[in-house]
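Notes follow the structure.
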Amino acid sequence: MGKIIAIVNQKGGVGKTTTSINLSASLGILKKKVLLVDLDPQGNATTGVGLERGDIKNSIYEVLVKKCTVNDAIVKTKSKNLSLIPAYLNLAGVDMELVELEREYKERNEPFSRITRLKEELYQIKDKFDFIIIDCPPSLGILTTNALAAADSVLIPVQCEYFALEGIMQLINTIMLAQKKVNPNLDIEGVLLTMLTANTNLGLEVIESIRNFFKERVYDTIIPRLIRLAEAPSHGKPILEYEPRSRGTLAYLNLAKEVIERNGTKEESVR
Ligand SMILES: Nc1ncnc2c1ncn2[C@@H]1O[C@H](COP(=O)(O)OP(=O)(O)OP(=O)(O)O)[C@@H](O)[C@H]1O
Ligand SMILES: [Mg+2]
1189 MGKIIAIVNQ
1199 KGGVGKTTTS
1209 INLSASLGIL
1219 KKKVLLVDLD
1229 PQGNATTGVG
1239 LERGDIKNSI
1249 YEVLVKKCTV
1259 NDAIVKTKSK
1269 NLSLIPAYLN
1279 LAGVDMELVE
1289 LEREYKERNE
1299 PFSRITRLKE
1309 ELYQIKDKFD
1319 FIIIDCPPSL
1329 GILTTNALAA
1339 ADSVLIPVQC
1349 EYFALEGIMQ
1359 LINTIMLAQK
1369 KVNPNLDIEG
1379 VLLTMLTANT
1389 NLGLEVIESI
1399 RNFFKERVYD
1409 TIIPRLIRLA
1419 EAPSHGKPIL
1429 EYEPRSRGTL
1439 AYLNLAKEVI
1449 ERNGTKEESV
1459 R
């Protein structure tokens, strides 16, 4: 049974998409079958693994509003063992459409929940993958709520900066609410420190405060701030293809190994 991990933080620009892309590709190279689900209307994970807007036939939007089946929206990427359900801007209007659909279904006395749409779809294909990684948008709206209902666990990227913990309590409250209302088994997969600038005291202070707060949930791996990691998406490639020998590649491979370890299966050696 595949594990569904949502990459969540309502704060913008903390490394959710960079982590979604590179963790997914790294798990793939470590011989895990991975599905990356882009759940952000910005579609950055989609373009980041090399899919152009013009290449998209069906996206997560069509899946959520039942215009296509989940299987029809899955595409293979050029990366090893990595499939994708893409997203683009039409996803931004899904909220109102789901409300409307729910109303129509209720009128016909048919079951429909706009909160569990993603869960219902992903459960049909869970068996086909070892990991399903969901890249969430920077908000706690209907899309993130769907991710929290569908996921087995959440991975929280936290940027190594002064205001890192800002908004974290709100995120924790939202996770606890999801546990109470829709997903009692929802777990915290881990907390990932991202964009560490080398040799700054500030970075070290932030690391200490986050480790004090989240304890052993924090991964040993810290993602450094590297220009190559910021460049790779514009080439439509994960870092391990864009610059295989960079520190960014190593960092995300190490993260993938930690994720595999925490999930109790030993990673197989890199080909
Ligand atoms: N380790 C890193 N080193 C350098 N730049 C990075 C790193 N991680 C992410 N970035 C850059 O920082 C910006 C924000 O990263 P990213 O898009 O991954 O964050 P996000 O949390 O998904 O943002 P959003 O909330 O908008 O979805 C991007 O331009 C990205 O290329
Ligand atoms: Mg993003």
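Heads up: the sequence shown begins at 1189 in the numbering used here, then just goes up one per residue. No residue lacks a Cβ here, since even glycine has one placed at the ideal position from N, Cα and C.
Where DSSP assigns a beta bridge to Ile1193, which residues make up the other side?
DSSP, once it has assigned bridges, lists Ile1321 and Ser1341 as partnering Ile1193.
I'd like the list of long-range same chain contacts for Ile1411, defined as Cβ closer than 6 Å, with 5 residues on each side in sequence excluded.
Apart from the 5 residues on each side of it in sequence, Ile1411 sits with its Cβ closer than 6 Å to the Cβ of Thr1382 and Ala1439 in its chain, given in chain order.
Need the endpoints of the beta strand (DSSP E) that Gly1378 sits in, please.
Run containing Gly1378: Asp1375 to Leu1384, per the beta strand (DSSP E) assignment.
Leu1215 versus Asn1451, Gly1452, Thr1333 and Lys1445, residue with shortest Cα-Cα distance:
The shortest Cα separation from Leu1215 among Asn1451, Gly1452, Thr1333 and Lys1445 belongs to Lys1445.
For Glu1456, which residues of its own chain have a beta-carbon under 8 Å away from its beta-carbon, when the five flanking residues on both sides are left out?
Note that Glu1456 scores 48 on pLDDT, short of 50, meaning its location in the model is unreliable; the coordinates nonetheless yield the value given after this. Listed in chain order, the non-local C-beta contacts of Glu1456 below 8 Å within the same chain comprise Leu1218 and Lys1219, local neighbours out to five positions each way being set aside.
Among Val1370, Met1189 and Val1202, which has the Cα closest to the Cα of Arg1413?
Relative to Arg1413, the option among Val1370, Met1189 and Val1202 whose CA is nearest is Val1202.
Per DSSP, which residues does Leu1224 bridge with? Please list them.
Looking at the DSSP assignment, Leu1224 forms a beta bridge with Leu1272 and Ile1321.
Exposed or buried, what is Thr1332 when buried is set at 16 or more other beta-carbons lying within 10 Å of its beta-carbon?
Flag for Thr1332 reads buried.
Leu1384 to Tyr1276, Cα distance in whole Å?
Their Cα atoms are separated by approximately 29 Å.
Tell me which residues share the same chain as Pro1421 and place their Cβ nearer than 6 Å to its Cβ, disregarding the 5 neighbours each side in the sequence.
The beta carbon of Pro1421 sits closer than 6 Å to the beta carbons of Gly1236 from its chain, once the five residues preceding and following it are set aside; these are given in chain order.
Ligand 1 heavy atoms versus the CB of Pro1372: any closer than 7 Å?
The beta carbon of Pro1372 sits no closer than 7 Å to any heavy atom of ligand 1.
Can you give me the Cβ contacts of Arg1416 inside the same chain, cut-off strictly under 6 Å, excluding the 5 residues immediately before and after it?
Closer than 6 Å at the Cβ level, and outside the excluded window around Arg1416, lie Glu1431, Ser1434 and Gly1436.
Check whether the Cβ of Thr1205 sits closer than 7 Å to any heavy atom of ligand 1, and report yes or no.
Within the cutoff, so yes.
Contact test: Asn1232 Cβ vs ligand 2 heavy atom, cutoff 7 Å
Checking every heavy atom of ligand 2 against the Cβ of Asn1232, one is found closer than 7 Å.
With DSSP as the reference, label Pro1421 as helix, strand or coil.
Three-state result, Pro1421: helix.
Less than 7 Å between the CB of Asp1525 and some heavy atom of ligand 2, yes or no?
Residue 1525 cannot be examined here, being either before or after the span of the chain that is shown, 1189 to 1459.
In three-state terms, what does DSSP make of Glu1249?
Per the sequence shown, residue 1249 should be read as Tyr rather than Glu. Reduced to three states, the DSSP call for Tyr1249 is helix.
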